[in-house]
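In our numbering, the protein residues as written are 289 to 418.
Below you can see the structure in the form of C-alpha cells.
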C-alpha cells in the first residue's frame with residue numbers, strides 16, 4: 289500500500305479526523321484503545337484483551353463514553369471502512385500506535401500494513417509548548 293500524502297493539518301482536518309490512543313503496559317500488546325472522532329465527536333473505549341472483556345459490563349449511563357469489548361482485527365477492519373468512506377485522517381500522539389497495530393493485526397498482514405502506513409504521528413505537527 290502507498291502511504292497517504294502527508295500535508296499540513298488544517299483546522300478542518302483536525303476537526304474531521306480520528307484520534308487513536310492505546311493503553312497498556314509498555315513492552316506488551318495494548319489492552320485498551322481509545323478513539324475520539326473529531327472536535328466534539330464521541331469517544332469510544334475498546335477492550336482488546338479478552339481477559340478484560342467483562343469490564344464492558346461496568347460501563348454506566350453516567351459515563352459519557354462508550355466501552356466495548358472487541359476483536360482487534362474485526363475492529364480495525366470496520367474502522368478502515370469508516371476512514372476510507374468518510375475521508376478521515378487518523379492521528380496518534382506517538383509512533384507507539386503504529387507499532388502496536390502491527391503486532392495486534394499480525395493475523396491480517398494487509399490490514400496491518402494499511403494501518404501502519406495510514407496513522408500519522410501528530411507530534412511533528414504540533415506547536416512546541418512555551
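Glycine is no exception: its CB is placed at the ideal position from the N, C-alpha and C atoms.
Contact between residue 361 and residue 405 is ruled out by a C-beta separation of about 17 angstroms, above the 8 angstroms threshold. Burial of residue 385 is indicated by the presence of at least 16 other C-beta atoms within 10 angstroms of its C-beta. Annotation: the continuous alpha helix (DSSP H) that includes residue 402 extends over 397–406.
The segment 332–345 makes no contact with the segment 368–381, as fewer than three CB pairs between them are under 8 angstroms. The alpha carbon of residue 317 has as its nearest neighbour, out of 408, 327, 389 and 399, the alpha carbon of 389. Under the three-state reduction of DSSP output, residue 363 falls in the helix class.
Beyond the five residues adjoining it in sequence on each side, residue 327 comes within less than 6 angstroms, by CB distance, of 303 in the same chain, given in chain order.
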